[in-house]
Amino acid sequence: MSKTGTDRVKRGMAEMQKGGVIMDVVNAEQAKIAEEAGAVAVMALERVPADIRAAGGVARMADPRIVEEVMNAVSIPVMAKARIGHIVEARVLESMGVDYIDESEVLTPADEVYHINKREFTVPFVCGCRNLGEAVRRIGEGASMLRTKGEPGTGNIVEAVRHMRKVQAQIREVAGMSDDELMVYAKENGAPYEILLEIKQEGRLPVVNFAAGGIATPADAALMMQLGADGVFVGSGIFKSSNPEKYARAIVEATTHYEDYELIAQLSKDLGDAMPGIEMSTLAPEQRMQDRSQ
Amino acid sequence: MTKIGVLGLQGAVREHVRSVESCGAEAVVIKKKEQLDEIDGLILPGGESTTMRRLIDKYDFYEALQNFGKAGKPIFGTCAGLILLAKEIDGQSDAHLKLMNTTVKRNAFGRQRESFEAEIDIKGIADQFNAVFIRAPYILEVGEGVEILATYQDKIVLAQDRHYLACAFHPELTDDNRLTQHFIQMVEESKKELATS
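Order-wise, the sequence lines are chains U and C. Take 8 as the starting number for the first sequence in our numbering and just add one per residue. Take 1402 as the starting number for the second sequence in our numbering and just add one per residue.
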């Protein structure tokens, strides 16, 4: 008897991506550049986050034609984004055979209260988090992989750093708690007790946690790995830079060898311009994508 | 103590380290080719084979890995590792390390939604082994002298060719260490042989 869509199969898929870089792409040509550069997966989108930010309006699931085109172009896994709470977008992507769905705050949420019940799906999901409570709620809903939210499309690493440090610090806090303290922590953070207990026992999350939202340079990627990320998502950072091929390769290598500073220095030479960045204080509250869900 | 390296360029490295350590051997994460001199056997973990190949080339691992195998030191490839070891890859003009006398097919069981776990019997090693298949390849054909150790739905999912072992599934994702234990025995035997030859 074989079983599909088990936790082990869904979480295991993300384990295989560890130490790698997942790149946002909007067409087959970009997908091939990403694969050639050594990406472990690509995220098929209609627009990269920087362009979604610039365009404004409502951002939805990509045209299935684009997703299909990307799936046909590469042999590495293909991910795609569905709006938060948009069960049908997620089912459509699943029906197409997408390998992973990102229930993402980069798109305009379809539901301001409920996330998708991801346990009902065969396809695995990745979700964003800013702290442990949010991480554990998403795992409770069935997410098989996490990522920091950061602040997408800004080329500014500061929010991803904040979120990764926060989650890591809270894991250490939970690991040092007694079981009775843990129940209060569960209540105060809106986090399922049983999952917190597992985190306390193992000293780490039960799923992998990648960095995302603002990674623009090889050094940014290496920084996130040093802070405890299992791998990185690069959204606008590659195809909004002046030399995507070079940036893609350099970010892949810096992610693998994140403690080899001489190498990162070499990789960072003559890269051309990184994507244009946005300072956080210039963003109005309604422009902050990370605050779109809890 | 027997030292087992786990190629640490990308993929499920930590899980293999845990599995090796549970079997009582020492595990070393290999990031530089010079480290290959320190170890008795090597595991090529699951991950993305195209990514690993690019990093193998970039860091000049290619010849070092081939020489490691040709010197008679055992190598165990899981999933992506099975692809890296194969002599031929279906539908591709060139293969990677070409150490093992097998022809393999990538993503042969389908995409992620077709990924599955199932109990399989491994000849002489383990009955009812919980095997986790993720976008898994399988072995289409084996050459002379290659022993088929397990099949699933008539597809070859585990084989041994001299001191090379390759499986299409992920033993490192469960707590069942019987297959890793088998590999460590292969390494211990080769260590004795290499010491006397």
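C-beta atoms are modelled at their ideal positions from N, C-alpha and C, and glycine is treated no differently.
At what residues does the alpha helix (DSSP H) containing residue i begin and finish?
i	result
C:N1362	Coverage of chain C is limited to positions 1402 through 1598, which leaves residue 1362 of chain C absent and any answer about it impossible.
U:Q273	268-275
C:G1470	1463-1471
U:E148	139-148
U:G244	243-246
U:R98	94-102
U:N79	71-80
Taking residue i as the reference, give the member of the options with the closest Cα.
i	options	result
C:I1457	C:G1409, C:M1501, C:V1430, C:E1427	C:G1409
U:S249	U:D118, U:P116, U:P283, U:A219	U:P283
C:I1444	C:T1504, C:E1520, C:K1404	C:K1404
C:K1524	C:E1589, C:I1549, C:S1516, C:D1555	C:I1549
C:E1520	C:F1570, C:L1566, C:V1543, C:G1492	C:F1570
U:G244	U:A21, U:K10, U:Q37	U:Q37
C:T1479	C:R1579, C:K1593, C:A1567, C:L1595	C:A1567
U:I83	C:R1415, C:K1593, C:E1589, C:A1537	C:A1537
U:S275	U:D70, U:A66, U:S288, U:A255	U:A255
C:L1541	C:A1509, C:E1518, C:K1499, C:G1442	C:A1509
U:A236	U:K10, U:K247, U:T262	U:T262
C:F1462	C:R1419, C:G1448, C:E1435	C:E1435
C:F1481	C:V1430, C:G1442, C:V1414	It should be pointed out that residue 1481 of chain C corresponds to Ala in this sequence rather than to Phe. Minimum Cα distance to C:A1481 is reached at C:V1414.
Would you please state the rounded distance, in angstroms, between the beta carbons of residue i and residue j? I believe it to be under 8 angstroms.
i	j	result
U:G160	U:G242	6 angstroms
C:H1564	C:I1526	Between C:I1526 and C:H1564 the Cβ distance is about 16 angstroms, and since that is not below 8 angstroms, they are no contact.
C:I1535	U:M23	6 angstroms
C:T1581	C:C1424	5 angstroms
U:A219	U:F246	No, U:A219 and U:F246 are not in contact; Cβ-Cβ is about 15 angstroms, not under 8 angstroms.
U:S151	U:A21	6 angstroms
U:I178	U:L230	With 8 angstroms as the limit, U:I178 and U:L230 do not qualify as a contact, their Cβ atoms being about 19 angstroms apart.
Looking at the unbroken beta strand (DSSP E) that takes in residue i, where does it start and where does it end?
i	result
C:A1487	1487-1490
C:E1520	1517-1523
C:G1442	1442-1445
U:S3	Only positions 8 to 301 of chain U appear in the structure, and residue 3 of chain U is not among them; the question remains open.
Let me see if you follow: with CB-CB separation under 8 angstroms, is residue i close to chain C or not?
i	result
U:M23	yes
U:P116	no
U:G149	no
U:E205	no
U:V174	no
U:V168	no
U:G26	yes
U:V47	yes
U:G235	no
U:Q283	The identity of residue 283 of chain U in the sequence shown is Pro, whereas the question assumes Gln. No, because no Cβ of chain C sits closer than 8 angstroms to the Cβ of U:P283.
U:V32	no
Only counting the same chain, and skipping five residues up and downstream in sequence, which positions put a Cβ closer than 8 angstroms to that of residue i?
i	result
C:H1497	S1450, R1454, I1457, I1484, L1485, L1486, A1487, I1490
U:V143	N196, A198, P199, I202, L203, I206
C:Q1513	I1535, R1536
Please tell me whether residue i has its Cβ less than 8 angstroms away from any Cβ of chain U.
i	result
C:E1464	no
C:H1417	no
C:K1432	yes
C:R1455	yes
C:K1508	Strictly speaking, residue 1508 of chain C in this sequence is Asn, with Lys absent from that position. Yes - at least one Cβ of chain U is within 8 angstroms of the one on C:N1508.
For residue i, I'd like the list of residues in its chain whose CB is within less than 7 angstroms of its CB, leaving aside the five on either flank, ordered along the chain.
i	result
U:E252	I40, A44
U:R90	R67, M68, E96, L114, T115, P116, A117
C:K1506	D1491, P1538, Y1539, L1541
U:Y192	V181, M184, L203
Which same chain residues end up closer than 6 angstroms to residue i when comparing Cβ atoms and leaving out the 5 residues on each side of it in sequence?
i	result
C:M1587	P1475
C:L1437	A1465, F1469
Interface residues of the stretch 1567-1579 of chain C facing chain A [CB-CB below 9 angstroms]
In the displayed structure, chain A is absent; the protein chains listed are U and C.
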